[in-house]
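J.: Residue numbers (the numbering used here), protein chains in the order written: chain A, 1 to 471; chain B, 1001 to 1331.
By construction, the Cβ of each residue, glycine as well, lies at the ideal position given by its N, Cα and C atoms.
1. In the DSSP assignment, find the unbroken beta strand (DSSP E) run with residue 1130 of chain B in it and report its ends.
2. So, are the CB atoms of residue 1334 of chain B and residue 1149 of chain B less than 9 Å apart?
3. Whose Cβ in chain B lies nearer than 7 Å to the Cβ of residue 104 of chain A?
4. Of all the residues that make up the segment 1014 to 1030 of chain B, which are near chain A by a beta-carbon distance shorter than 9 Å?
5. When the Cα atoms are used, what is the spatial distance from residue 548 of chain A to residue 423 of chain A?
6. Need the endpoints of the beta strand (DSSP E) that residue 1209 of chain B sits in, please.
7. Could you pull out every unbroken alpha helix (DSSP H) segment of at least 4 residues lying fully inside the segment 224 to 262 of chain A, listed in chain order?
8. Give me the chain A residues within the contact set of residue 1175 of chain B, using Cβ-Cβ distance strictly less than 9 Å, ordered along the chain.
9. Note the first and the last residue of the continuous alpha helix (DSSP H) segment covering residue 430 of chain A.
10. Give, in chain order, every unbroken run of the alpha helix (DSSP H) that is at least 4 residues long and sits entirely within the segment 340 to 418 of chain A.
11. With a cut-off of 9 Å, does the C-beta of residue 1070 of chain B fall near any C-beta of chain A?
12. What are the residues in the segment 1131 to 1156 of chain B lying within 7 Å of chain A by C-beta distance?
13. Establish whether the CB of residue 420 of chain A and some CB of chain B are separated by less than 9 Å.
14. In the DSSP assignment, the beta strand (DSSP E) including residue 1194 of chain B goes from what residue to what residue?
15. Comparing the C-beta of residue 1158 of chain B with each C-beta of chain A, is any distance below 9 Å?
16. By the 10 Å Cβ neighbour count, where 16 or more other Cβ atoms means buried, how is residue 1069 of chain B classified, buried or exposed?
17. Taking only the alpha-carbon atoms, compute the straight-line gap between residue 544 of chain A and residue 445 of chain A and give it to the nearest angstrom.
18. Per DSSP, which residues does residue 1157 of chain B bridge with? Please list them.
19. I believe residue 215 of chain A touches residue 406 of chain A by the beta-carbon criterion, under 8 Å. Please report the beta-carbon distance rounded to the nearest angstrom.
20. Under 8 Å: do the segment 366 to 380 of chain A and the segment 268 to 279 of chain A share three or more Cβ pairs, one atom per stretch?
21. Closer than 7 Å by C-beta to residue 332 of chain A: which residues in its own chain qualify, once you throw out the five before and the five after it? Chain order, please.
22. Do you know whose CA, among A:220, A:33, A:46, A:161, lies nearest residue 1144 of chain B's CA?
23. What does residue 1238 of chain B pair with, by DSSP beta-bridge criteria?
24. Under 6 Å Cβ to Cβ from residue 1299 of chain B, same chain only, skipping five residues before and after it: list those, please.
25. Out of A:126, A:116, A:83, which one is the CA nearest neighbour of residue 93 of chain A?
26. Could you check which residue in B:1232, B:1235, B:1199, B:1240 has the C-alpha nearest to that of residue 1221 of chain B?
27. Given a cut-off of 9 Å, decide if residue 450 of chain A and residue 1039 of chain B are closer than it, judged by their beta-carbon atoms.
28. Residues of the segment 1300 to 1325 of chain B in Cβ contact with chain A at a cutoff of 7 Å, in chain order, please.
29. Could you name the residues of the segment 178 to 200 of chain A whose beta carbon sits closer than 7 Å to any beta carbon of chain B, in the order they occur along the chain?
30. Buried or exposed, going by whether 16 or more other CB atoms sit within 10 Å of the CB of residue 385 of chain A?
31. How about residue 121 of chain A: is its C-beta nearer than 9 Å to some C-beta of chain B?
32. Could you tell me the alpha carbon to alpha carbon distance between residue 329 of chain A and residue 1308 of chain B, rounded to whole angstroms?
33. Checking contacts by CB at 9 Å: is residue 134 of chain A closer than that to chain B?
34. With DSSP run on the structure shown, which of helix, strand or coil describes residue 325 of chain A?
35. Let's test the definition: count the other Cβ atoms within 10 Å of the Cβ of residue 1297 of chain B and tell me whether it reaches 16, buried, or not, exposed.
36. Quick one: which residues of the segment 30 to 62 of chain A get their C-beta closer than 7 Å to a C-beta of chain B? List them in chain order.
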């Protein structure tokens, strides 16, 4: 079930009503929310529901066993087994084909006449997200930051529909306590929720889908048809598209959860205003960055060892972060580029402990450089193959005499709005929301109806899936 | 939106009670639905025949009536007109097929030989202008053929495909009309066509229902295919009509074979149209569907669409046919 559809709007109104009516009856609320979440997930493919049930049962089993175990060795063994089961599940569905193809290619290169059998495996939508949530749950229990939740609470946590398929990655420590606490039906942060949902819809269907279908898809499919200027604009457009698409899902998820009385962590904070790659990762997919930091980078040793160890840990974290996004070498290269730039920035910081004076010019320069580094790395993220990525880079550098027919004013406008909107300050938005919250219900509804009208009128016909569904 | 210092209480939005929120949502959804009633009705009409479409229409039609009565549809109409989104007034079929028809296939043993005028020589300075059109099956096959064509140095190719489109439902997207409109702009010399991904569906024409797979449906579909071929032949020297590949679903496969036979028979009636079968190209050594061929991933998990590898496999096949006709090296 896609967010920008009438089907979801109808589903959500029903869930909203039942959510608040059932709140005085916690058990019934939990069963209802579990059923609603499984229905939402099963709308793609009902077989996937079985997978999330298996994940729920397995992780709850490990959570309880870890809690019960006294000996550290047993606890460690159990958490290792839980990690292995989760990564095994993820590996089978997401990386099996990649692994077999890579092995076969290697065997072929070595002249070995055998090959592993290839099997078509359907990637269940959202598996990377709920697997990471499950991992954070069992690891937090192992670290004694969390006690095992009642099975029904855990089942609802893992399947909770707003963030189920594309994040934010909400940890058990963040969401499970909210299931226990009593939410106040008289104090819903609805203005922010409506704003997030409306802005998310606009970003997705007006900006992201427009840029994809009018420039980005065509340029990345056949770069040989385009000149350097067109390719450059397409790269900027893809930077805006992926931000608008992915952050839109997070916005709508956070907004929907707010209307149900739950607070999710922020997932994006104006990432293209970042002044360094390190700053970018504090603003882009923040819940994944936190996850990788707490469950991968720090266990590897973080920045507490020798300098080369810190650099190795950074690089490993970003390489694996790249691989999390997709089973292909181009995602590894994307992660590797970010890792290399993070290592370089750290090296520069170590060389210059005293920060340089900050002026508007230096901020502008840093933002400019960071945005272009990030945009360059997106080439590997978006291209269908490494050869296409190289082709794009080559043509970007060598085809300056080519045409500009593919670039239109609406495309430039969409790119400008996509980047410029990140400089709108939060107080400015808050003032608008405060004014909105003081309107009568009918007036608020009318404002939102007009927003829906504008968004739907400007949208491409048909709804494209969110980019991050594939991860 | 960039981060900033904490807000003052004056700027903070007031929390709202659940009843208030529900009211706002209902007003917003109803108001939005009335303002967008034209778009909602269009979406409902374009759905495949069935219960879902009937329910959608039962809701969308009165909504559109109320919207029109209140004149709330005027802003949307203006925007649609400004953006060139027209609603087709063309009936779902141009010519109704006769109640009973017999399809005459050319006897393989007694084929009439038609001599076609020779094609011009294509060069790097004066390349063959190739137009690739179709439904979602052209999404990756089209660019793959463009890329392969570019590599030859003597073919200038362009893709134009539409998701969820086809020939069964001109009320959704009218390909023959679109082709006639685009030919003067694109000026192609040859066209590569792949359709059928969304065509195996029941169709209603003037209150009469044509169930997919029936003889009447096949006759109707043949008319639609013929319309598209004739529209293309009005502007190009050659049409290369690519059949659908083998599918994973047995049910879909039966319809694919039916549609491929229509393409093939309509192509035979037109000397300048060449039918290129892709069915066998995507069978494995046992003649079955397989997502992997020659160790490469060819088809997506939907059991139908091409991956890039699949797109290139078909592109190579199609380009070799085009190259033989236009006398150039396919690369």
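T.: If we stick to the structure as given:
1. 1128 to 1134
2. Residue 1334 of chain B is absent from the model: chain B starts at 1001 and stops at 1331.
3. 1295
4. 1014, 1015, 1016, 1017, 1018, 1019, 1020, 1021, 1022, 1023, 1024, 1025, 1026, 1027, 1028, 1029, 1030
5. Given that chain A is displayed from residue 1 to residue 471, the structure contains no residue 548 of chain A and the question cannot be resolved.
6. 1208 to 1210
7. 228 to 259
8. Simply none; closest approach about 16 Å.
9. 426 to 437
10. 360 to 382, 386 to 398
11. no
12. 1143, 1146, 1147, 1150
13. no
14. 1190 to 1194
15. yes
16. exposed
17. This structure cannot settle anything about residue 544 of chain A, because the visible part of chain A is limited to 1 through 471.
18. B:1130
19. 6 Å
20. yes
21. 319, 322, 323
22. A:220
23. B:1190
24. 1291, 1310
25. A:126
26. B:1199
27. no
28. 1301, 1308
29. 185, 186, 187, 188, 189, 190, 191, 192
30. exposed
31. yes
32. 16 Å
33. no
34. helix
35. buried
36. none
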